[in-house]
Structure formats: structure tokens, C-alpha cells
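Input: a single structure, listed below in C-alpha cells.
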Amino acid sequence: MSPEQGRCRGLALDGRVANVLKVLGKLVNTIKQIGCLRGIKIGDEYHWRGELCVVGLDYNFQRAIDYISSVKGKTLATSIVDSRRYDTGIISRVPYPNLAYTGEGENRDERIEDGNLALKNNLRYKRATRVIYKYHTDNNANASKYKFM
Numbered sequence: 090m091s092p093e094q095g096r097c098r099g100l101a102l103d104g105r106v107a108n109v110l111k112v113l114g115k116l117v118n119t120i121k122q123i124g125c126l127r128g129i130k131i132g133d134e135y136h137w138r139g140e141l142c143v144v145g146l147d148y149n150f151q152r153a154i155d156y157i158s159s160v161k162g163k164t165l166a167t168s169i170v171d172s173r174r175y176d177t178g179i180i181s182r183v184p185y186p187n188l189a190y191t192g193e194g195e196n197r198d199e200r201i202e203d204g205n206l207a208l209k210n211n212l213r214y215k216r217a218t219r220v221i222y223k224y225h226t227d228n229n230a231n232a233s234k235y236k237f238m
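Counting the sequence shown from 1 gives a position; the working numbering is that position plus 89.
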């Protein structure tokens, strides 16, 4: 596949760059896995969501929960990205280190399938889930970063 074939319509520039890097074989931590990743530390910050894909923290540009099908056939969540897309916030604002998660999508979209099912399975089987939080660096809505928590 050529870099031109790696183009995806509807993705922001950082997503397109991540797709080109994928086609060129330049991503790191390319195997989806649960838990810690080599070379990534809690507290690391990223400017764009596409960077999360490049380093292997999260491979899904559009959805809040990234997940895999495990060897035993169960779907498990690898990461949650709180992009603060909805007014209520995907992840409730509770005092650190507590975390309350309300599910992927708006209320009408929340069903126990795909990412939500994966996250439910993580709770059931006591598997770790990486959490990445988007925050604004100043009063400008475009000036934001993602932080691995």
C-alpha cells in the first residue's frame, strides 16, 4: 500500500499523518496489548490524538474506547480516551485518583457492545485499562493536550 492509499477522509491532519506512518511501518508498539507499553510512562503528554496511535497508546481516532479480541475470544478494552466531546464529560470529574466512567457515546448510543462490552469485560476479569485525558492548555479550545494517566 502506498502512502496515498493510506489517506482517510474525515480524519484530521494528525490522523492522516498517523495513517501514512502506519503504511510506512514507522509506528512503535504496533501490537495492541493491555496494560503498560514499552517506552511510555504515566504522565506522558501528547499534542494530537494521532500521536497516541503512533506510540501505540490508542489506535482509534473516532471512538472513546479502543479494544481487542483476546486469545480466548473475549473482547477487552486497551484504552479510554476522554476527549471531553460531550458537555457532561465521558469521564466524570471526580477527585484523583478516582475515576467514574459513564460509557462510550451519548446516552441514546450506550449499549453493552463493542467498546462498552470490552470495558465491562475488563472489570469482570480485572484487567487494566489505559486512560488518556484531553485537557485544554489555555483559554483557546484548540490549544489542548492528551495526558496518559
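Ideal Cβ positions, reconstructed from N, Cα and C, are used throughout, including at glycine.
My output table needs one value for residue i: the three-state DSSP class, helix, strand or coil.
{"i": "E195", "result": "coil"}
{"i": "V220", "result": "strand"}
{"i": "R165", "result": "In the sequence as presented, Arg is not what sits at residue 165; that position holds Leu. The answer is strand: DSSP assigns L165 an E or B state."}
{"i": "D155", "result": "strand"}
{"i": "D227", "result": "coil"}
Is residue i near the ligand ATP, in the sense that its beta carbon is under 7 Å from a heavy atom of that ligand?
{"i": "A207", "result": "Among the components modelled here there is no ligand, and therefore nothing to report on the ligand ATP."}
Applying the criterion that 16 or more other CB atoms from any shown protein chain within 10 Å of the CB defines a buried residue, is residue i buried or exposed?
{"i": "L165", "result": "buried"}
{"i": "L146", "result": "buried"}
{"i": "A207", "result": "buried"}
{"i": "A232", "result": "exposed"}
{"i": "G178", "result": "Interpretation of G178 is limited by its pLDDT of 47, a score under 50 that renders its predicted location unreliable; no figure is taken from the coordinates."}
{"i": "G128", "result": "exposed"}
Among the options, which one has its Cα closest to the Cα of residue i?
{"i": "I221", "options": "V112, N210 and H136", "result": "H136"}
{"i": "D108", "options": "N118, E134 and C142", "result": "Strictly speaking, residue 108 in this sequence is Asn, with Asp absent from that position. If we check each option's Cα against that of N108, C142 comes out closest."}
{"i": "R216", "options": "I131, I129, S159 and R200", "result": "S159"}
Distance check for residue j and residue i, CA to CA, integer angstroms please.
{"i": "Y224", "j": "G162", "result": "35 Å"}
{"i": "N205", "j": "K115", "result": "30 Å"}
{"i": "A153", "j": "A189", "result": "14 Å"}
Give every residue of the same chain whose Cβ lies closer than 8 Å to the Cβ of residue i, excluding the five residues on either side of it in the sequence, and list them in chain order.
{"i": "M90", "result": "Note that M90 scores a pLDDT of 39, beneath 50, so its modelled location is shaky; the value from the coordinates is reported in the next line. V112, listed in sequence order."}
By Cβ distance below 6 Å, which residues in the same chain neighbour residue i in space, the five residues on each side in sequence not counted?
{"i": "E199", "result": "G192"}
Looking only at its chain, what residues have a beta carbon closer than 7 Å to the beta carbon of residue i, apart from the 5 residues adjacent to it on each side?
{"i": "K234", "result": "E134, Y135, H136, Y224 and T226"}
{"i": "I131", "result": "F237 and M238"}
{"i": "T119", "result": "G145"}
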